[in-house]
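Engineer: According to the working numbering, the sequence shown is numbered sequentially starting from 59. Take a look at this one; I'll ask things after.
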Amino acid sequence: MRGPAGRARLLVTFILGSLTATAPLAMDMYLPALPEVTRSLHAPASTVQLTLTACLAGMALGQLLVGPLSDRLGRRRPLLVGLAAYVVATAVCAFAPTVELLIAFRLVQGLAGAAGIVIARAVVRDLYEGVAVARFFSTLMLISGVAPVVAPLVGGQVLRVTDWRGVFLVLAVLGAVLAVVVWAKLPETLPPAERHTGGVRETFGAMRRLLADRPFTGYLLAGGFAFAALFAYIAASPFVVQEIHGASPQTFSLLFGLNSVGLVLVGQINGKVLVGRVSLDKVLALGLSIVILAATALLLMSVGVFGEVGLGPVAVALFVLMSAMGITLPNTQALALMRTRYAAGSASALLGTSSFLIGAIASPLVGIAGEDSAVPMAVVQLGAALVAMACFVTLCRPGRARVRAEADGGAGGAEQPGTLRASEGQRAGEEH
Numbered sequence: 059m060r061g062p063a064g065r066a067r068l069l070v071t072f073i074l075g076s077l078t079a080t081a082p083l084a085m086d087m088y089l090p091a092l093p094e095v096t097r098s099l100h101a102p103a104s105t106v107q108l109t110l111t112a113c114l115a116g117m118a119l120g121q122l123l124v125g126p127l128s129d130r131l132g133r134r135r136p137l138l139v140g141l142a143a144y145v146v147a148t149a150v151c152a153f154a155p156t157v158e159l160l161i162a163f164r165l166v167q168g169l170a171g172a173a174g175i176v177i178a179r180a181v182v183r184d185l186y187e188g189v190a191v192a193r194f195f196s197t198l199m200l201i202s203g204v205a206p207v208v209a210p211l212v213g214g215q216v217l218r219v220t221d222w223r224g225v226f227l228v229l230a231v232l233g234a235v236l237a238v239v240v241w242a243k244l245p246e247t248l249p250p251a252e253r254h255t256g257g258v259r260e261t262f263g264a265m266r267r268l269l270a271d272r273p274f275t276g277y278l279l280a281g282g283f284a285f286a287a288l289f290a291y292i293a294a295s296p297f298v299v300q301e302i303h304g305a306s307p308q309t310f311s312l313l314f315g316l317n318s319v320g321l322v323l324v325g326q327i328n329g330k331v332l333v334g335r336v337s338l339d340k341v342l343a344l345g346l347s348i349v350i351l352a353a354t355a356l357l358l359m360s361v362g363v364f365g366e367v368g369l370g371p372v373a374v375a376l377f378v379l380m381s382a383m384g385i386t387l388p389n390t391q392a393l394a395l396m397r398t399r400y401a402a403g404s405a406s407a408l409l410g411t412s413s414f415l416i417g418a419i420a421s422p423l424v425g426i427a428g429e430d431s432a433v434p435m436a437v438v439q440l441g442a443a444l445v446a447m448a449c450f451v452t453l454c455r456p457g458r459a460r461v462r463a464e465a466d467g468g469a470g471g472a473e474q475p476g477t478l479r480a481s482e483g484q485r486a487g488e489e490h
């Protein structure tokens, strides 16, 4: 299926970008309020950070359910139901009287919000082929990347006139607006003839075949652990910037927004300059290498190798790490999805579930040493980045894949993953 053109393409891009922004909106707009929540609900920082973990875990499990469901029922119906449930759960979060209830409602919020994330990726795979998938993912980052930039800034301003509960009410209103736009403007992209008619057994069979493809699993794990490094930053940075370095919520929001700008700009360089000219595997290797270097610098600074450092050097290292995510995250998703034309919902679910589950595990780890140390954040980031690189090198074997594609007379370069998809990866869904 060919993608839409002209104004229709711009509208679909905006809608899908807004859907993928569900997760950063639900988490990032809430970040400046984390210290306030600890005081308001009389809970320790490590417990409050579980509200992030619960939301991530819900989004992970929800994708595992909604992705295959969208392969059977189409994209629109599961998406609209999920958005409606997300709005209700978010509104309920605003009135949670205890941290335990807040954690529970955040889990429900994540379960419902997963629909927008997983179905947006599946729609991209419905509409585009080859390197166009990677280009569109980079374009999505321009839209969805606005959420991390704006969300903490808006959250910081909302906290000037209300408390953390008001943040959730604003999120509920935004979710309701998005649901109306999807209902009115997003068409169905999965024709009935291409939907799966089997039950749970067929769903798990499709996932098993996808995971049996080693490069697909390699990209899945590389993206998941890269996301863990990103989420370690998301979970720990409010305390590192505000509690350790004494910055205000507004200063934290500004720094967080600048880091997100770096991610968006590098993502655009990836889509407009690199994709189609440089092998996606090479670009991914570069991104992972930069993340490793930035995380190493953060660890050395946090253990005092360079003496006592201020907020400036830490902010620079975090900016570099976040910017590198602009070429790491979209390319792991594109390379994985380019290996399967069928069962795009199931493939998207596996990608999202692995990323959010690994990220959810990383969240409480960064709070092990309390609010006064940045060492756990740096350790988690570096460890996750190293594991991501190891999975990429050992499972995807980019060097061997390139040699094999050239020997077969394949396109090589940026087209090489598509060549592999046409041979090996397509087997993951051809039984459907």
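The beta carbon of each residue, even a glycine, is placed where N, CA and C say it ideally should be.
1. Among 378, 181, 198, which has the Cα closest to the Cα of residue 249?
2. Excluding five sequence neighbours on each side, which residues of the same chain lie with their C-beta closer than 6 Å to the C-beta of residue 288?
3. Would you say the stretch 166-174 touches the stretch 114-128, given that touching needs at least three Cβ pairs under 8 Å?
4. Report the partner residues of residue 333 according to the DSSP bridge assignment.
5. Entirely within the stretch 399-426 and at least 4 residues each: give me those alpha helix (DSSP H) ranges in chain order.
6. Give every residue of the same chain whose Cβ lies closer than 8 Å to the Cβ of residue 452, excluding the five residues on either side of it in the sequence, and list them in chain order.
7. Which two residues bound the contiguous alpha helix (DSSP H) that contains residue 131?
8. Given residue 197, which residues of its chain have a CB within under 7 Å of its CB, disregarding the five upstream and five downstream residues?
9. Can you give the Cα-Cα distance for residue 418 and residue 84, rounded to whole angstroms?
10. Taking all protein chains shown into account, decide if residue 221 is buried (16 or more other Cβ within 10 angstroms of its Cβ) or exposed.
11. Determine the closest residue to residue 192 out of 235, 353, 336, with distance taken between C-alpha atoms.
12. Near residue 412, which residues of its chain fall below 6 Å by C-beta distance, leaving aside the five closest residues on each side in sequence?
13. Would residue 107 and residue 175 be called neighbours here (beta carbons separated by less than 8 Å)?
14. Kindly examine the ligand SAM and report whether one of its heavy atoms sits closer than 7 Å to the Cβ of residue 410.
15. Can you find the residues in the same chain that come closer than 6 Å, C-beta to C-beta, to residue 152, ignoring five residues on each side of it along the sequence?
16. Fully enclosed by the stretch 141-223, which alpha helix (DSSP H) runs are 4 residues long or longer?
17. Can you confirm whether the stretch 315-323 touches the stretch 437-452 when touching is taken to mean that 3 or more C-beta pairs between the two stretches lie within less than 8 Å?
18. Given residue 438, which residues of its chain have a CB within under 6 Å of its CB, disregarding the five upstream and five downstream residues?
19. Which word fits residue 254, buried or exposed, when buried means at least 16 other C-beta atoms lie within 10 angstroms of its C-beta?
20. DSSP on residue 378, reduced to helix/strand/coil?
21. With distances taken between CB atoms, is the gap from residue 362 to residue 189 smaller than 8 Å?
22. Consult DSSP for residue 80 and reduce its assignment to one of helix, strand or coil.
23. Work out the CA separation of residue 76 and residue 238 for me, nearest whole Å.
24. Excluding the 5 residues preceding and the 5 following residue 144 in the sequence, name in chain order all residues of the same chain whose CB lies nearer than 6 Å to its CB.
25. Please state if the CB of residue 375 and the CB of residue 359 are separated by a distance shorter than 8 Å.
26. Under 8 Å by Cβ, that's how I've got residue 217 and residue 91 pegged, so tell me the actual separation to the nearest angstrom.
27. Can you list, in chain order, the residues of its chain with a C-beta nearer than 7 Å to that of residue 137? Leave out the 5 residues immediately preceding and following it.
28. Does the beta-carbon distance from residue 285 to residue 387 come in below 8 Å?
29. If I follow the unbroken alpha helix (DSSP H) through residue 326, where does it start and stop?
30. Using the Cα positions of residue 467 and residue 339, report the straight-line distance between them to the nearest angstrom.
31. Go ahead and label residue 219 buried or exposed: buried means 16 or more other beta carbons lie within 10 angstroms of its beta carbon, across all protein chains shown.
32. Taking 8 Å as the threshold (C-beta atoms), are residue 133 and residue 273 in contact?
33. Considering only the alpha carbon of each residue, which of 194, 414, 105 lies closest to residue 113?
Structural biologist: Taking the definition as stated:
1. For residue 249, the closest C-alpha among the options 378, 181, 198 is that of 181.
2. If we look at residue 288 and ignore the five residues flanking it on each side, its Cβ neighbours are 383.
3. Yes: at least three Cβ pairs fall under 8 Å.
4. According to the DSSP secondary-structure assignment, residue 333 is paired through a beta bridge with 336.
5. Correct list: 402-423.
6. Take residue 452, set aside five residues on each side of it, and the residues of its chain with a beta-carbon closer than 8 Å to its own are 276, in chain order.
7. Here the alpha helix (DSSP H) through residue 131 covers 103-131.
8. Close CB contacts of residue 197 within its chain, under the 7 Å cut and outside five residues either way in sequence, are with 71, 329 (chain order).
9. If you draw a straight line from the Cα of residue 418 to the Cα of residue 84, it is about 14 Å long.
10. If you draw a 10 Å sphere on the C-beta of residue 221, you find fewer than 16 other C-beta atoms in it, and that means exposed.
11. Answer by Cα proximity: 336.
12. If we look at residue 412 and ignore the five residues flanking it on each side, its Cβ neighbours are 278, 282.
13. Remark: C-beta atoms of residue 107 and residue 175 do not approach each other more closely than 8 Å.
14. For the ligand SAM, the structure offers nothing, since it holds no ligand at all.
15. Closer than 6 Å at the Cβ level, and outside the excluded window around residue 152, lie 223, 226, 227.
16. Those alpha helix (DSSP H) runs which fall completely within the stretch 141-223 and span 4+ residues are 157-185, 189-202, 204-219.
17. As far as the Cβ criterion goes, the stretch 437-452 does not touch the stretch 315-323, which means the pair count is below three.
18. So the qualifying residues of the chain are 290, 420, 423, 424.
19. Buried is the label assigned to residue 254, since at least 16 other Cβ atoms lie within 10 Å of its Cβ.
20. Note: residue 378 maps to helix in three-state DSSP.
21. If you check the CB distance, residue 362 and residue 189 do not come in under 8 Å.
22. In the displayed model, residue 80 falls within a helix according to three-state DSSP.
23. Answer to the nearest angstrom: the Cα atoms are 12 Å apart.
24. Excluding positions up to five away in sequence, the list reads 170, 171, 233.
25. Yes, Cβ-Cβ distance for residue 359 and residue 375 is below 8 Å.
26. Between the beta-carbon of residue 217 and that of residue 91 there is about 6 Å, and that keeps the pair under the 8 Å contact cut.
27. So the list reads 173, 174, 177, 240, once near-sequence residues are dropped.
28. The criterion of a C-beta distance shorter than 8 Å is satisfied by residue 285 and residue 387.
29. Run containing residue 326: 307-327, per the alpha helix (DSSP H) assignment.
30. Any answer about residue 467 is weak, because its pLDDT of 35 lies below 50 and its placement is not dependable; what the coordinates show is given next. Rounded to the nearest angstrom, the two C-alpha atoms are 18 Å apart.
31. Classification for residue 219: exposed.
32. No, the Cβ-Cβ distance between residue 273 and residue 133 is not below 8 Å.
33. Minimum Cα distance to residue 113 is reached at 414.
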